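Enquirer:
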Amino acid sequence: MAYWLFKTEPDAFSIDDLKNAQNQTTLWEGVRNYQARNFMRDEVKVGDLVMIYHSSCKLVGVVGIAVVTKAAYQDPTQFDLSSDYYDAKATSDNPRWVVVEVTYQSHLDSLVSLKEIKANPRITDIALKKGGRLSIMPVTKSDWQIITHMAEE
DNA sequence: GCCAACGTTGGC
DNA sequence: GCCAACGTTGGC
Numbered sequence: 001m002a003y004w005l006f007k008t009e010p011d012a013f014s015i016d017d018l019k020n021a022q023n024q025t026t027l028w029e030g031v032r033n034y035q036a037r038n039f040m041r042d043e044v045k046v047g048d049l050v051m052i053y054h055s056s057c058k059l060v061g062v063v064g065i066a067v068v069t070k071a072a073y074q075d076p077t078q079f080d081l082s083s084d085y086y087d088a089k090a091t092s093d094n095p096r097w098v099v100v101e102v103t104y105q106s107h108l109d110s111l112v113s114l115k116e117i118k119a120n121p122r123i124t125d126i127a128l129k130k131g132g133r134l135s136i137m138p139v140t141k142s143d144w145q146i147i148t149h150m151a152e153e
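Its first residue numbered 1, the first sequence is counted upward by one per residue in the UniProt record's numbering.
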């Protein structure tokens, strides 16, 4: 089982939106970055755990945990003319973008902020620290345990 | 296949 | 809203 971090803008879709969604489940739509897509398509598996991270908002950081309930398949929004995520270069024969399905698991007891993560010298591997803008990133078991533990302090 | 121009992300 | 960092595009 692998660990991941998914970014979302809470004004658009928050951890609470996930908790309140039908079956507490959503398709992780609209990822339009190849590196992030490749992780979803090739490596994200059913049963993997996902940190939900709120970006571009007042309190930036990790807010909760979800679990992957379906592996990658075609992102329907790439074919939807009315969607912001429509991609004219994607065809059903040659789709570009994928979704995975995630299901709400829990809120962290408290938000673990980006500032705290950056300030913790024990957290070594996470791409967040490198100022990357990757929206789907792997998390090592060590970093996962440290971050979830920080939420309990 | 290089690289300049442009667009987007995302913290602050 | 600013702007740095990064990704993508397209001319050559």
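Using N, Cα and C, we set each Cβ at its ideal position, and we do this for glycine too. Quick caveat: nothing in here was measured; it's all calculated off a predicted structure.
Quick check on residue 6: does DSSP put it in helix, strand or coil?
Expert: Here residue 6 corresponds to residue number 6 of the first sequence, with the count starting at 1. If DSSP states are grouped into helix, strand and coil, residue 6 belongs with the strands.
Enquirer: What would DSSP say about residue 36, mapped onto helix, strand or coil?
Expert: Locating residue 36 in the first sequence gives position 36, counting from the first residue. Helix, per DSSP.
Enquirer: Exposed or buried, what is residue 122 when buried is set at 16 or more other beta-carbons lying within 10 Å of its beta-carbon?
Expert: Within the first sequence, numbered from 1, the residue matching residue 122 stands at position 122. Exposed, by the Cβ-count rule.
Enquirer: Given a threshold of 16 other Cβ atoms within 10 Å of its Cβ, counted over all protein chains shown, does residue 75 qualify as buried or as exposed?
Expert: Along the first sequence, read from residue 1 onward, the residue named residue 75 stands at position 75. Residue 75 comes out buried.
Enquirer: Please tell me whether residue 91 and residue 83 are closer than 7 Å, where the distance is taken between their beta carbons.
Expert: Looking up residue 91 in the first sequence gives position 91. Looking up residue 83 in the first sequence gives position 83. Going by C-beta atoms, residue 91 is not nearer than 7 Å to residue 83.
Enquirer: Considering Cα atoms alone, identify which of 14, 2 and 134 is closest to residue 111.
Expert: Mapped onto the first sequence, residue 111 falls at position 111. Per the Cα distances, 14.
Enquirer: Leaving out five residues before and five after residue 114 in sequence, what residues of the same chain have Cβ atoms less than 7 Å from its Cβ?
Expert: Along the first sequence, one-based indexing puts residue 114 at 114. Closer than 7 Å at the Cβ level, and outside the excluded window around residue 114, lie 60, 61 and 128.
Enquirer: Could you tell me whether the Cβ atoms of residue 44 and residue 98 are closer together than 7 Å?
Expert: The residue you call residue 44 lines up with position 44 of the first sequence. The residue you call residue 98 lines up with position 98 of the first sequence. Cβ distance not < 7 Å, so residue 44 and residue 98 don't count as in contact.
Enquirer: Does the distance from the CB of residue 22 to the CB of residue 103 come in under 7 Å?
Expert: On the first sequence, residue 22 is found 22 positions in, with the first residue counted as 1. On the first sequence, residue 103 is found 103 positions in, with the first residue counted as 1. Cβ atoms of residue 22 and residue 103: not closer than 7 Å.
Enquirer: Check the C-beta distance from residue 3 over to residue 141 and give it rounded, since I have them as a contact under 8 Å.
Expert: By one-based count along the first sequence, residue 3 stands at place 3. By one-based count along the first sequence, residue 141 stands at place 141. About 6 Å; that satisfies the 8 Å criterion.
Enquirer: Can you check whether the CB of residue 143 is closer than 7 Å to the CB of residue 126?
Expert: In the first sequence, residue 126 corresponds to position 126, counting from 1. In the first sequence, residue 143 corresponds to position 143, counting from 1. Going by C-beta atoms, residue 126 is nearer than 7 Å to residue 143.
Enquirer: Determine the closest residue to residue 96 out of 11, 30 and 9, with distance taken between C-alpha atoms.
Expert: Numbered from 1 along the first sequence, position 96 holds the residue referred to as residue 96. The shortest Cα separation from residue 96 among 11, 30 and 9 belongs to 30.
Enquirer: Tell me whether the beta-carbon of residue 71 lies closer than 7 Å to the beta-carbon of residue 50.
Expert: Counted from its first residue, the first sequence places residue 71 at position 71. Counted from its first residue, the first sequence places residue 50 at position 50. Cβ atoms of residue 71 and residue 50: not closer than 7 Å.
Enquirer: Could you give the residue range of the beta strand (DSSP E) that holds residue 137?
Expert: Reading the first sequence from its first residue, position 137 is the one you call residue 137. Where residue 137 is concerned, the enclosing beta strand (DSSP E) stretches over 136-139.
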